[in-house]
Amino acid sequence: ARQHVFLLPECLKDASKKMTSGLMFVKLVRPCSGEGALYLFNMCLPQLFEIKVFKEKHHSWFINQSVQSGGLLHFATPMDPLFLLLHYLIKADKEGKFQPLDQVVVDDMFPNCILLLKLPELEKLLRHVTEEKEIGKKKYYKYSKEKTLKWLGKKVNQTVAALKTNNINVGARVQSAAFFPGHQISSDKEEDYIRYAHGLISDYISKELSDDLSKY
Amino acid sequence: LLPCEVRVNRPAPVARFFTPAI
Amino acid sequence: MDFRELERDNMGRCRLNSPVPAVCRKEPCVLGVDEAGRGPVLGPMVYAICYCPLSRLADLEALKVADSKTLSESERDRLFAKMEEDGDFVGWALDVLSPNLISTSMLGRVKYNLNSLSHDTAVGLVQHALDQGVKVVQVFVDTVGLPETYQERLQQRFPSIEVTVKAKADALYPVVSAASICAKVARDQAVKNWQFVEKLQDLDTNYGSGYPNDPKTKVWLRKHVEPVFGFPQFVRFSWRTAQSILEKEAESILWEDLPTGDQEGLGRITSYFNESPRNCPHLPHRYFQERGLESATTL
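In structure tokens:
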């Protein structure tokens, strides 16, 4: 049987013990490309994680008394579900009207997107990117570009701060594969940080939104 | 994590043949 | 012979030597070099030197260290013990080259073939005797490779010593035959007491002479091949016999090639920027690219 090696946040350790289906791997959309990607749902909280994989040629694993080819290393990192919800809100926006969330977050390519509706504090989250209306105890939402750009602007600033504290080199492209984050190249200008942060965030939003954000 | 690609997934007597050196 | 060091770590090489007889530091000495276990696919190869004063060569001959190839294992052991007893004029030193050292030298990225390894080992042992104060004036060596080049190399390395490299030197010079007995006794003992670093379960030590054409050895090799790890370190992986079994029975393992010109698969960077954006596979942000990370799409 194939085996996989995962680096998971500590908090997930007992998730799989609490509930058999505590941790679920699901295929959901990748907003930047519209294709599918693997995500991890921690059903206990619940919480969404994205899965990145470290892939390099000529690697394999010894796992206990077995060998596993490929040597892939998977990482699960918490991800803001709003990036995925945004993908569906923008898609639904073409109809130009307020809609209940369970009519917006539908996707026959990735039916598990309905798991997003189980996430806590959705209403609070949605306020960052939508206008909402309440009719008879039911909430209706409409994508707001203006609010979204403001929200993404905050994301960029948070990312710039994180890049600085983590000494990420944002200047000229690192030539050697073995880069040394510690060697902070002081010449990195604010502009470089913002451009780099914009680029990173753009991995989680559509091309159009990335261009709008760039102008913004 | 090995610096080579063993192109198979199978049981292997790792403990008998492989002692990780620090 | 005290093989404790070898039994502790049989992955490299280990050097043993007798005490240096006092007379060998005073009188001009003749030294013989020979090896044992050059051919086998199993176990160590042992290089040995044996030396004694020129004035005592007759006594050495009297020990009947005839051509060691004609002697049985027990006769060799008895003769070696005799040399030790009369050790007041005979000295020896050994260099035990483990199968792992032989294999890794021959299979390394920079090839270090068996002849070079042999020559360097012989030179190392002669130097070792000199460093111990033995007054070496003549050296006789059984040839490895072309006698002329070997002779020239050794003569260059030891200009003040008279060097003779000859094929079948162990049949011509008693001091080479004595070295050959030391080497064979040492190799027999090392093989008999081999400590398998692998904790093998159904290990049988019925591997015969270890020579590639020995049927027992062939059966043993086939029985002990492991598809992922190959063989126990007792086996010389660089031997044709071992390699052909691995090619048939073991899994293929790919190592990173030496950096060739243009790394295959990385195409020219411009290939990503052709006109229609759709062709550009969505490259992850450089943060991820620089770390070899990409989004997982399947498990």
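Chains as they are written, first to last, in this note's numbering: chain A, -2 to 213; chain B, 290 to 311; chain C, 5 to 303. Think of the CB as a built atom: it goes at the ideal place given N, C-alpha and C, for glycine as much as any other residue. Keep in mind it's a predicted model, so treat the numbers as computed, not measured.
For Phe22 of chain A, the secondary structure class from DSSP, reduced to helix, strand or coil, is strand. Residue-level contact by beta carbon holds for Val232 of chain C and chain A, with a gap shorter than 8 Å.
By the rule that beta-carbons nearer than 8 Å mark a contact, Ala301 of chain B touches chain C.
Per the C-alpha coordinates, the member of A:Thr127, A:Pro43, A:Pro117 positioned closest to Pro97 of chain A is A:Thr127. With fewer than 16 other CB atoms across the displayed protein chains lying within 10 angstroms of its CB, Val114 of chain C is exposed. In the three-state DSSP reduction, Glu129 of chain A falls in the strand class (E or B).
Contact between Val23 of chain A and Leu112 of chain A holds, since their C-beta atoms are separated by about 6 Å, short of 8 Å.
In this structure, C:Tyr55 is the residue among C:Pro23, C:Val45, C:Ala40, C:Tyr55 with its C-alpha nearest to the C-alpha of Cys33 of chain C.
Among the CB atoms of chain A, one or more fall inside 8 Å of the CB of Ala304 of chain B. The CB of Asp200 of chain A comes closer than 9 Å to the CB of His286, Pro288, His289, Tyr291, Phe292, Ser299 in chain C, given here in chain order. For Val50 of chain A, no chain B residue has a C-beta closer than 8 Å to its own C-beta; the minimum C-beta separation is roughly 13 Å. Taken in chain order, the complete beta strand (DSSP E) segments of 3 or more residues contained in the segment 49 to 98 of chain C are 49 to 57.
Out of C:Trp259, C:Lys196, C:Asp81, the CA that lies nearest to the CA of Cys186 of chain C is found in C:Asp81.
Distance from the CA atom of Ile311 of chain B to the CA atom of Leu20 of chain C, rounded to whole angstroms, is 29 Å. Taking all protein chains shown into account, Met15 of chain C has fewer than 16 neighbouring C-beta atoms within 10 Å of its C-beta and is therefore exposed. Taking the Cα positions, Tyr291 of chain C is about 28 Å away from Leu116 of chain A. By the Cβ test, the segment 301 to 310 of chain B is not in contact with the segment 130 to 150 of chain C, since fewer than three Cβ pairs between them sit closer than 8 Å. Following the DSSP letters along the chain, one finds Gly128 of chain C inside the alpha helix (DSSP H) bounded by residues 118 to 135. For the C-beta of Pro292 of chain B, the chain C residues within less than 8 Å are, from N- to C-terminus, Trp259, Glu260. When the beta-carbon positions are compared, Val50 of chain A and Glu298 of chain C come within less than 8 Å of each other. For chain B, the residues of the segment 174 to 208 of chain C that bring a beta carbon within less than 7 Å of one of its beta carbons are Glu202, Lys203, Leu204, in chain order. For the pair Ser184 of chain C and Asp63 of chain C, the CB atoms are not nearer than the 8 Å cut-off. Against Ser122 of chain C, chain B offers no close residue; the least beta-carbon distance is about 28 Å (beta-carbon pairs closer than 7 Å). Checking the DSSP bridge columns, you'll see Pro163 of chain C has no partner listed. If you draw a straight line from the Cα of Trp243 of chain C to the Cα of Ile257 of chain C, it comes to about 18 Å. Ile198 of chain A is a Cβ neighbour of Leu149 of chain A, given a cutoff of 8 Å. From the beta-carbon of Gly33 of chain A, the residues of chain C found nearer than 8 Å are Thr301. With a contact defined as Cβ atoms closer than 8 Å, Arg17 of chain C and Val100 of chain C qualify at about 6 Å. When CB distances to chain B are screened at a threshold of 9 Å, not a single residue of the segment 142 to 170 of chain C falls below it. If you draw a straight line from the Cα of Lys10 of chain A to the Cα of Lys203 of chain C, it comes to about 34 Å. No Cβ of chain B is located within less than 8 Å of the beta carbon of Ser107 of chain C.
Scanning chain B for C-beta atoms nearer than 8 Å to the C-beta of His55 of chain A yields Pro292, Cys293, Glu294, reported in chain order.
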